Structures are given as C-alpha cells and as structure tokens.
Amino acid sequence: MVAVAFIIIFVMNFVFLVTYFPTLENPSSNLEKLTMIGIQQDRILRKKKVSPPINEHILTVNDLSKFSQKPPKPDVAKNGNCQPYGCPLYPPELTPQLNESLIRSFQHNQLEPSLEPFFTETFAMLTQQGKSHKENQDRGLFISPFVIHDNEVPTNDSLPSFLAAVFDGHNNLGHLVAQEVVEQLPNTLAENLRKSLHGAWWKDDDNSDALVAAAFNDTFLQVNKNGTPFNFLRGGTTASVALRYGSKLYMANAGDSQIVLASVTKPNGTVNLEFMTRKDKPFEVDEMERIKKMGGKIHINPLHPKDARVVVHSAASRDTIALAMSRSLGDWEWKHVGVTAEPIVHSIDLNEPRYKSTQSLFLIVATDGMWDIRRDGFYANQFATAFDDNLIDHSAANSASGIHPPSDPKLRPAFKLHDIFQRITPKMKKGYCDDITSIIIKIR
C-alpha cells in the first residue's frame, strides 16, 4: 500500500510540474521557424482573437466577424477585356499542351492563331508554375498602348506607350493578393496619372518625373489599402511595374522581382546592362534602418546574411512568422513594423545620347523565380538575340529543345523566352522550384 501511495503522489507531482512549468522550446526549432515565410499562417483564424486591420493595418485584439468566413475567390480577368486605359494581356501558362503548341509553331515557322496576342516581333510573355507549388502564385500583364488621358485616342502617330508588370505572390493567399493587384493596379495608376499630370507630358513639363513618381506611390498604397482584408492579411505580393510613354521610361518596384534594361552597342554588338531595379531585402541598410526605427525585428542568419527576414508575432496564426522582403503589397501583419507598400521609382530619358546610340534596347520584367537561377547578364545576352538581327544564332545545338530558331522575326521573342524557360527549369523532382513569369519588350 505504501508503494502504491508513493507512485500516486509521484504521478500527481509530475502532472503538476508539466502543466504549470512546461519545458522550454528548443531554440533551434525557433530559428527554423524564423526562416520560413508564413509557414504557420494556414491555421484557421480564431474568433475573437484578431480583428480586421485598422489604422494603416495595425492589428488589434477585438471582434473578428469580418474574418470568420473566407470570401469568394475574385473573378479572373480574361484577355481581350478592354478598359479605358487599354487592353490588358496576361501571360499564358506554360503547360504541356502550350509547350507542344509552341514547338509546333517554331517547327512550322508560324504561330498558331491562339498564341498570336502573346507573342509578337516586339514582345513576348510567359508564366510557369513551379513544381514546389500547388498553384501558380505569379501574375503579370502587358498593355500597349497604355492610355492615360480621357481625350487620348491611340493612332499610328501616337507616342509609343506600354505598361508591363509582374507580381509574385507569397504565403498562403499570395495568389489571391497578386490577382487583386493585377486587376486593380492599371486603372488606379491611370486615374492617378490623369489627376497628377493634367497634360504635362504634352508640355514637356520638367516636373513630370516627380508627378509620375508620386502617382506610382499613391497607386501602390491605394491598391494595398483597398485589398480584401482576409486575403491581404494572409498573403502578399511583389510588384515590378514598367511604364513607357514616349521617350520616358519609369520603373516602380516593391519586393524582390526585378526590371532590367539592356542594350546592344555598336559596332561590335556588345550586350550591356544599362539599369536594373533593386531587390528590396531587409539586409539593405536603408531598409533595415526604417524597419528598426518602427520597432521591427530582423533575423539575420550569420552564414547567409543576405537571407534576412522581418519577424513578427502573428495575431492571425498566433505564432512567430517571417518575411524575406522589406517592401510588398499585402502582408498587413508586417506593415506596422516597417514593411512598406511604397515603391522605389526610377525614371530614364530614352533620348539621352547613351541610349540613342545603342544598336538595340530592350526590357526584361520578371519574378525572382527567373532571377534567382542565373545572373542578370546571362539573360541580357540571351534575350538580345530575340531582338537584334546581328546576334541571331541559327544553330539548333544551342537551343534547349534542339530545334532551329525560326526565321520569322515575329517568332524570335517567343522562341527565346520559351528556350530560357526550358533551360532554367530544374529537371529533378527534388529541391525547391519557384514559379516563373517573364515579359521581354523591345524598345528600339
């Protein structure tokens, strides 16, 4: 009996200690969590534990009625649905069926009719779902001409214009955030430019660059603020947007997608990187200062300092989560600690002598699924052959598909973009494989 009583007392004490003094979590497991981007955000939102974002999306602990039910998925815009600002095109997905159609087109030196809107002599666009993802979280668009003013009627004599953009969604609902942004940003930007410029481009106003930059800034902030709360709390997206109007090229970037301007110079056909936007990462000095000033915390891996993450305690998932970029749309749980939706905007005058003297000039707008595989210079050299007749290689041995490049100039951008996707897509099933979206555009 004494032994039995002793065992009962021991068990009761053990239960008491475990209940009121739980064992501390292994620190190494915490570090693993810090390197995951929102891995725990797929937990069901708990009622009365979080509230809709207010005051610039700072979360509070109150009523959760608006978050209790998942909203319906937004309608996916279709190609050819023209708007006052123009007719947007969205990159086709490189499925096995599309892959076969493209190869047939290259072999017969003629695009199939269904592919003609997406591939021309001056531009090409393509997207591909990564093997590591359940669905493609990338989005993109191309609009040419991009109409800004109400009285602007595009004609053959109109100033050349286009809007090209890619959006790379992340976290559980990143694809929904990217979808909302790709649908809302063009119209919002056109309206803001219309309000800001008042015909300034026709007057060659010296202040137009500042006005355009302000319009981009307002657009990114408005689209971010007006997003569907459920989606923008549990997902985010990068945004890399290029706007050409006449001789001006504007590039607005938030996140780690990128825009690259490249050229081919006379007389030897050297390919040059003229300009590239920056990947907005927490390790950048200015980004780190802003985040820390707003009370944010940054986890830096000593072995890989550029793989820094902005860390927050999620009110939605009630766990520590981290983000690998310092600027984005969505990601509302990071906004109060300095992860901003404001873009960095650059302007380039294409009439400058350095650009006018080039043999050819082209733009690459792509998500990090492409940039993380090879260096910028590799892509510049490869895509130069799509737009410059003097650099075309007609050898089938140099293509990933083993077929000869088509002789029709209209097919060259499509052929080169398809070839690049084939080259950089990992053939192995193991390892991480990101979504890829790219738009290449000939400027001159």
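In terms of the numbering used here, the sequence shown is numbered consecutively and its last residue is 1819. Virtual Cβ for every residue (Gly too), placed ideally from N, Cα, C. On a predicted model such as this, the values are computed, not experimentally measured, just so you know.
ask   = Does the region 1586-1603 come within contact of the region 1478-1496, defined as at least 3 CB pairs closer than 8 Å?
value = no
inquiry  = Distance check for F1537 and F1826, CA to CA, integer angstroms please.
reply    = Absent from the model: residue 1826. The displayed extent of the chain is 1376 to 1819, so no value can be given.
task = Using the DSSP secondary-structure output, state which residues sit across from Q1458 in a beta bridge.
result = In the sequence shown, residue 1458 corresponds to position 83, counting from 1. BP columns for Q1458 point to G1461.
query = Mapping DSSP to helix, strand and coil, what is H1711?
reply = Taking the first residue of the sequence shown as position 1, residue 1711 is located at position 336. Helix.
Opening and closing residue of the alpha helix (DSSP H) in which G1744 lies = The count along the sequence shown starts at 1 and reaches residue 1744 at position 369. Per DSSP, G1744 belongs to the alpha helix (DSSP H) from 1743-1746.
Contained beta strand (DSSP E) runs [length at least 3] in the region 1643-1727, N- to C-terminal order = 1645-1651, 1672-1676, 1679-1689, 1694-1698, 1719-1724
task = Note the first and the last residue of the continuous beta strand (DSSP E) segment covering T1502.
result = Taking the sequence shown and counting its residues from 1, the one referred to as residue 1502 is at position 127. 1498-1503 is the extent of the beta strand (DSSP E) around T1502.
ask   = Can you tell me where the beta strand (DSSP E) with N1628 in it begins and where it stops?
value = Here residue 1628 is taken as the residue at index 253 of the sequence shown, counted from 1. Note, N1628: beta strand (DSSP E), 1623-1629.
ask   = Is the CB-CB distance between K1791 and A1761 below 7 Å?
value = Numbered from its first residue, the sequence shown carries residue 1791 at position 416. Numbered from its first residue, the sequence shown carries residue 1761 at position 386. Against a cut-off of 7 Å, the Cβ pair of A1761 and K1791 comes out as a contact.
request  = Determine the DSSP secondary structure at P1479, reduced to helix, strand or coil.
outcome  = Your numbering for residue 1479 matches position 104 in the sequence shown. First, the residue type needs correcting, since residue 1479 is Arg and not Pro in the sequence shown. Note: R1479 maps to helix in three-state DSSP.
task = Report buried or exposed for N1676, applying the criterion of at least 16 other Cβ atoms within 10 angstroms of its Cβ.
result = Numbered from its first residue, the sequence shown carries residue 1676 at position 301. Burial call: exposed.
query = Rounded to a whole number of angstroms, what is the C-alpha to C-alpha distance between A1589 and V1714?
reply = Counting from one through the sequence shown, the residue named residue 1589 turns up at place 214. Counting from one through the sequence shown, the residue named residue 1714 turns up at place 339. Roughly 19 Å between the two C-alpha positions.
key: Beta-carbon gap between G1610 and P1520 smaller than 7 Å   = By 1-based counting over the sequence shown, the position of residue 1610 is 235. By 1-based counting over the sequence shown, the position of residue 1520 is 145. Cβ distance not < 7 Å, so G1610 and P1520 don't count as in contact.
inquiry  = Restricting to Cα atoms, I'd like to know which of G1621, K1785, P1781, H1793 is closest to H1483.
reply    = Position 108 of the sequence shown holds residue 1483. Nearest of G1621, K1785, P1781, H1793 to H1483, Cα basis: P1781.
query = In chain order, what residues of the same chain lie with their CB nearer than 6 Å to the CB of I1634, ignoring the 5 residues before and after it?
reply = Residue 1634 sits at position 259 when you count from the first residue of the sequence shown. The answer, listed in chain order, is S1615, A1617, M1626, T1652, V1740.
task = Within the same chain, show all residues whose beta-carbon is closer than 6 Å to that of L1477, passing over the 5 residues directly before and after it, in chain order.
result = Sequence index remark: in the sequence shown, residue 1477 carries index 102 (1-based). Excluding residues within five positions, the ones whose Cβ falls inside 6 Å are H1793.
query = From P1561 to P1466, what distance separates their C-alpha atoms?
reply = Within the sequence shown, the letter at position 186 stands for residue 1561. Within the sequence shown, the letter at position 91 stands for residue 1466. So the two alpha carbons sit approximately 16 Å from each other.
query = From what residue to what residue does the alpha helix (DSSP H) around D1751 run?
reply = Residue mapping note: residue 1751 aligns to position 376 of the sequence shown, counting from 1. D1751 -> alpha helix (DSSP H) spans 1751-1762.
inquiry  = Using the three-state DSSP reduction, which class does D1860 fall into: helix, strand or coil?
reply    = Nothing can be reported for residue 1860: it is not among the residues displayed for the chain, which extend from 1376 to 1819.
inquiry  = My assumption, with CB atoms under 8 Å, is that L1698 sits in contact with S1480. Please give the rounded CB distance.
reply    = Counting from one through the sequence shown, the residue named residue 1698 turns up at place 323. Counting from one through the sequence shown, the residue named residue 1480 turns up at place 105. L1698 to S1480, Cβ: 40 Å. No contact.
request  = Could you tell me which residues DSSP puts in a beta bridge with A1540?
outcome  = The residue given as residue 1540 occupies position 165 in the sequence shown. For A1540, which the question treats as bridged, DSSP gives the partners L1516, V1616.
query = Which of helix, strand or coil does DSSP assign to S1735?
reply = Taking the sequence shown and counting its residues from 1, one reaches residue 1735 at position 360. The answer is strand: DSSP assigns S1735 an E or B state.
message = Three Cβ pairs or more, each shorter than 8 Å: is that satisfied between the region 1645-1661 and the region 1715-1724?
response = yes
key: Nearest residue (CA-CA) to S1489, options L1473, Q1503, T1502, Q1504   = In the sequence shown, residue 1489 corresponds to position 114, counting from 1. Nearest of L1473, Q1503, T1502, Q1504 to S1489, Cα basis: L1473.
query = In whole angstroms, what is the alpha-carbon distance linking N1511 and G1505?
reply = To locate residue 1511, count along the sequence shown from 1; it is residue 136. To locate residue 1505, count along the sequence shown from 1; it is residue 130. Computed Cα separation, rounded: 7 Å.
ask   = Taking buried to mean at least 16 other C-beta atoms within 10 Å of its own C-beta, is G1670 buried or exposed?
value = Along the sequence shown, one-based indexing puts residue 1670 at 295. The residue in question, G1670, is exposed, as its Cβ has fewer than 16 Cβ neighbours within 10 Å.
ask   = Is K1668 buried or exposed, if buried means 16 or more other CB atoms sit within 10 Å of its CB?
value = If you number the sequence shown from 1, residue 1668 lands on position 293. So K1668 ends up on the exposed side.
query = Can I1799 and I1748 be called in contact, C-beta distance under 7 Å?
reply = By one-based count along the sequence shown, residue 1799 stands at place 424. By one-based count along the sequence shown, residue 1748 stands at place 373. Their beta carbons are under 7 Å apart, which means I1799 touches I1748 by this criterion.
query = Within 10 angstroms of its Cβ, does I1778 collect 16 or more other Cβ (buried), or is it exposed?
reply = Taking the first residue of the sequence shown as 1, we reach residue 1778 at position 403. Exposed.
request  = Put E1487 into one of helix, strand or coil per three-state DSSP.
outcome  = Within the sequence shown, numbered from 1, the residue matching residue 1487 stands at position 112. Reduced to three states, the DSSP call for E1487 is coil.
query = Buried or exposed: which applies to Q1458, given that a residue is buried once 16 or more other Cβ atoms fall within 10 Å of its Cβ?
reply = Numbered from 1 along the sequence shown, position 83 holds the residue referred to as residue 1458. Q1458 comes out exposed.
message = In whole angstroms, give me the CA-to-CA distance for K1817 and V1639.
response = Your numbering for residue 1817 matches position 442 in the sequence shown. Your numbering for residue 1639 matches position 264 in the sequence shown. Distance between the alpha carbons of K1817 and V1639 is about 12 Å.
message = If contacts are defined as beta-carbon pairs under 8 Å, then T1742 and S1632 qualify, I think. What distance do you get, rounded to the angstrom?
response = Taking the first residue of the sequence shown as 1, we reach residue 1742 at position 367. Taking the first residue of the sequence shown as 1, we reach residue 1632 at position 257. Correct: roughly 5 Å between the Cβ atoms.
inquiry  = Quick test of your reading: T1612 and V1552, contact by CB under 8 Å. State the CB separation rounded to the nearest angstrom.
reply    = What you label residue 1612 is simply residue 237 of the sequence shown in a count that begins at 1. What you label residue 1552 is simply residue 177 of the sequence shown in a count that begins at 1. That pair is a contact at about 5 Å.
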